[in-house]
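Beneath this line is the structure, given in structure tokens, with notes to follow.
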Amino acid sequence: MTTALNHVGGVWQRSGGADFLDVHDPATADAIGRVALSAGRDLDSAVEAAAAAFRDWRNTPVEDRVQPLFRLKALLDERAGELARVITAENGKTLAESEGELKRAIENVEVACGTPALMQGDFLEDVAAGIDELMIRQPVGVCAIVCPFNFPAMIPFWFFPYALACGNTCIVKPSERTPLTMRAVFELLDEAGFPPGVANLVNGDRRVVDAILEHPGIAAVSFVGSTPVARHVYAAASAAGKRVQAQGGAKNPIVVLPDADIDMTGAIAADSAFGCAGQRCLAASLAIAVGDAAGPFVEAMGQIAGSRVVGNGLHDGVEMGPVITQQSRDRIEGLIGAAAGEGARIVVDGRGRTVDGHPGGAFVGPTLLRGVPPAGTIAATEIFGPVLGVMEVPDVDAAIRLVNSGRYGNMACLFTGSGAAARRFRHEADVGNVGINLGVAAPMAFFPFSGWRDSFFGTLHGQGKHAIEFFTQTKVVVERWPEAWSRRF
Ligand code: NAD
Numbered sequence: 020m021t022t023a024l025n026h027v028g029g030v031w032q033r034s035g036g037a038d039f040l041d042v043h044d045p046a047t048a049d050a051i052g053r054v055a056l057s058a059g060r061d062l063d064s065a066v067e068a069a070a071a072a073f074r075d076w077r078n079t080p081v082e083d084r085v086q087p088l089f090r091l092k093a094l095l096d097e098r099a100g101e102l103a104r105v106i107t108a109e110n111g112k113t114l115a116e117s118e119g120e121l122k123r124a125i126e127n128v129e130v131a132c133g134t135p136a137l138m139q140g141d142f143l144e145d146v147a148a149g150i151d152e153l154m155i156r157q158p159v160g161v162c163a164i165v166c167p168f169n170f171p172a173m174i175p176f177w178f179f180p181y182a183l184a185c186g187n188t189c190i191v192k193p194s195e196r197t198p199l200t201m202r203a204v205f206e207l208l209d210e211a212g213f214p215p216g217v218a219n220l221v222n223g224d225r226r227v228v229d230a231i232l233e234h235p236g237i238a239a240v241s242f243v244g245s246t247p248v249a250r251h252v253y254a255a256a257s258a259a260g261k262r263v264q265a266q267g268g269a270k271n272p273i274v275v276l277p278d279a280d281i282d283m284t285g286a287i288a289a290d291s292a293f294g295c296a297g298q299r300c301l302a303a304s305l306a307i308a309v310g311d312a313a314g315p316f317v318e319a320m321g322q323i324a325g326s327r328v329v330g331n332g333l334h335d336g337v338e339m340g341p342v343i344t345q346q347s348r349d350r351i352e353g354l355i356g357a358a359a360g361e362g363a364r365i366v367v368d369g370r371g372r373t374v375d376g377h378p379g380g381a382f383v384g385p386t387l388l389r390g391v392p393p394a395g396t397i398a399a400t401e402i403f404g405p406v407l408g409v410m411e412v413p414d415v416d417a418a419i420r421l422v423n424s425g426r427y428g429n430m431a432c433l434f435t436g437s438g439a440a441a442r443r444f445r446h447e448a449d450v451g452n453v454g455i456n457l458g459v460a461a462p463m464a465f466f467p468f469s470g471w472r473d474s475f476f477g478t479l480h481g482q483g484k485h486a487i488e489f490f491t492q493t494k495v496v497v498e499r500w501p502e503a504w505s506r507r508f
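In this note's numbering, the protein residues as written are 20 to 508.
This is the structure we're talking about:
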């Protein structure tokens with residue numbers, strides 16, 4: 020059993036909190052570790068360590084600040100296999116999915132290594148006679164990063180490499196359900212040579228998050244998780260005067276036009292809906308089939324959903340692992356039942372799925388629903404499981420209206436052979452990430468991980484230039500020198 024300790028001021032330490040949680044392998048239900056839930060005083064000592072480290076770190080030249088990131092990238096490449104096993108063990112996704120997640124994490128380290136170019140300011144000579152004006156970017160201070168369970172490696176990397184490269188110090192708070200991945204990553208951060216206190220790890224649950232939101236020593240909060248919590252984090256941290264970026268939940272529609280290549284669409288849509296057992300914030304959860312597309316699309320999806328290999332993500336040949344907990348499985352199964360109660364037809368039913376040798380596993384099979392009523396609760400509820408609901412509309416206008424009628428705006432995708440339809444969809448879809456003939460429109464690290472409406476609270480997103488802007492404050496200097504003063508006429 021591994022214990023997920025805190026890492027504060029360069030030292031691994033037990034939290035002072037009295038409560039512990041077991042960490043379970045969702046495929047077996049075995050306890051594989053435990054995590055101590057930190058108390059407010061643990062956070063205080065992490066903030067003190069981060070604030071003390073900030074004094075030197077912010078004055079360290081940016082070129083020196085990115086050197087540990089280059090070493091971190093090499094270490095992550097070297098240990099990717101070990102890390103992927105940790106992710107799969109505590110999250111359940113397949114090893115291939117864990118390796119894919121790590122690639123996206125590493126990509127953020129690569130982009131943050133370019134911070135000497137990315138954080139440059141502006142300079143304009145002679146804004147008035149003999150007067151120059153410049154804008155520089157400076158770090159904001161101690162930054163907290165609060166993460167969800169579904170990408171335990173990748174999501175912290177949307178933020179902390181940029182925060183550190185910009186001269187901030189940080190505190191990462193992983194999900195209490197998947198704390199072992201960041202424990203392993205912090206061992207690599209130590210090896211990479213970040214000075215003590217620059218990156219700190221504090222484990223815990225909602226109590227430590229609430230302490231973060233109020234802590235006067237924390238300048239910025241980056242959050243990823245469900246919408247109700249994102250809304251709370253945004254409101255509380257803003258009220259406490261912090262800068263905040265809070266990415267929330269999703270209900271992602273994909274629109275299938277009659278001219279779409281159905282084989283390609285089926286394969287891509289299935290990966291989106293059922294990959295990572297549907298526990299991706301960019302998972303397709305509603306398919307809006309236009310006109311004649313419905314029949315062939317449902318048939319293709321039904322075949323794929325019915326044949327997908329479900330099992331332990333560590334095993335060869337498994338295409339889909341379990342969901343995170345048995346409670347989550349029960350909730351998803353309840354929502355499938357509720358969809359049927361609202362009038363949807365269950366084409367492929369993933370309820371009650373068992374896997375040999377894994378009696379305690381939290382498995383749900385791929386599920387396909389047809390005729391989900393647009394005004395019902397299922398069409399609006401984030402299921403966060405391997406469930407795709409199909410709706411049918413007569414034309415593309417109705418499809419776009421439906422895409423834009425939901426409360427979330429994380430992603431929408433269009434499957435078509437028409438450039439004109441694609442261009443219109445790109446322009447009119449009221450979401451932050453758009454895919455054309457793609458099922459998971461996950462932005463590369465040099466683009467912001469966007470998200471609109473109830474999927475995001477704030478202005479600047481994670482990744483790339485948005486992260487650099489979020490983790491720096493701009494200072495404008497207007498300057499004049501005596502020699503220029505004497506030559507002013
Ligand atoms: P969650 O909201 O339950 O938890 C996220 C974090 O918030 C955890 O660290 C948790 O300890 C903390 N937390 C939970 N409840 C809290 C409360 N009441 N007050 C303060 N802190 C609290 O999310 P989850 O179940 O871990 O993750 C799944 C959710 O995250 C889904 O809704 C998914 O769509 C979303 N997500 C969004 C994105 C995105 O980029 N928009 C990416 C990944 C996941």
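Each residue gets a CB set at the ideal place from its N, CA and C atoms; glycine is no exception.
Take the Cβ of residue 142 as the centre, count every other Cβ of all protein chains shown within 10 Å, and call the residue buried at 16 or more, exposed below. With fewer than 16 Cβ atoms within 10 Å of its Cβ, residue 142 is classed as exposed.
Enclosing beta strand (DSSP E) for residue 262 [first to last residue]: Per DSSP, residue 262 belongs to the beta strand (DSSP E) from 262-266.
Label residue 146 either buried or exposed according to how many other C-beta atoms from any shown protein chain fall within 10 Å of its C-beta, with 16 as the threshold for buried. By the Cβ-count criterion, residue 146 is exposed, with fewer than 16 other Cβ atoms from all chains shown falling within 10 Å of its own Cβ.
On a Cα-Cα basis, can you pick out the residue from 239, 160 and 22 that is closest to residue 261? Minimum Cα distance to residue 261 is reached at 239.
Taking 6 Å as the cut-off, is the beta-carbon of residue 168 closer than that to any non-hydrogen atom of ligand 1? Shortest gap from the CB of residue 168 to any heavy atom of ligand 1: under 6 Å.
Chain-order list of residues whose beta-carbon lies under 8 Å from that of residue 368 (same chain, five-residue window excluded): The residues are 355, 384 and 386.
Taking only three categories from DSSP, how would you classify residue 422? Helix at residue 422.
When DSSP labels each residue in this structure, what does residue 239 get in the three-state scheme? Secondary structure at residue 239: strand, using DSSP grouped into helix, strand and coil.
Kindly examine ligand 1 and report whether one of its heavy atoms sits closer than 6 Å to the Cβ of residue 474. Closer than 6 Å to some heavy atom of ligand 1: that describes the Cβ of residue 474.
Identify which residue in 388, 502, 352 and 246 has its Cα closest to the Cα of residue 313. For the residues 388, 502, 352 and 246, the minimum Cα distance to residue 313 belongs to 388.
From the DSSP output, which residues share a beta bridge with residue 151? Looking at the DSSP assignment, residue 151 forms a beta bridge with 498.
Pick out the complete beta strand (DSSP E) segments inside the region 401-487, 3 residues or longer, and give them in chain order. Runs found: 406-412, 430-434 and 452-455.
Measuring only the C-alpha atoms, how far is residue 99 from residue 90? In this model, residue 99 and residue 90 are separated by some 14 Å (Cα to Cα).
At the level of alpha carbons, what is the spacing between residue 279 and residue 111? The straight-line gap from Cα to Cα measures roughly 33 Å.
Throw me the rounded Cβ distance for the residue 228 and residue 192 pair, which I believe falls under 8 Å. That pair is a contact at about 6 Å.
Should residue 269 be counted as a contact of ligand 1 given a C-beta to heavy atom distance under 6 Å? Residue 269 Cβ: within cutoff of ligand 1.
Cβ shell of residue 130 (< 7 Å), same chain only, five flanking positions each side left out: Closer than 7 Å at the Cβ level, and outside the excluded window around residue 130, lie 464, 465 and 483.
Any heavy atom of ligand 2 closer than 6 Å to the Cβ of residue 266? Absence of ligand 2 from the depicted structure is noted, with ligand 1 being the only ligands included.
Buried or exposed for residue 446, going by 16 or more other Cβ atoms inside 10 Å? The residue in question, residue 446, is exposed, as its Cβ has fewer than 16 Cβ neighbours within 10 Å.
Quick check: the region 198-209 against the region 167-175, are at least 3 beta-carbon pairs closer than 8 Å? Two segments are said to touch when three or more pairs of C-beta atoms, one from each, lie closer than 8 Å; by this definition the region 167-175 touches the region 198-209.
Proximity test, residue 123 beta-carbon vs ligand 1 heavy atom, cut-off 6 Å: Outside the cutoff, so no.
So is residue 114 in contact with chain D if we call contact Cβ pairs under 7 Å? Among the protein chains of the structure shown there is no chain D, as only one such chain exists.
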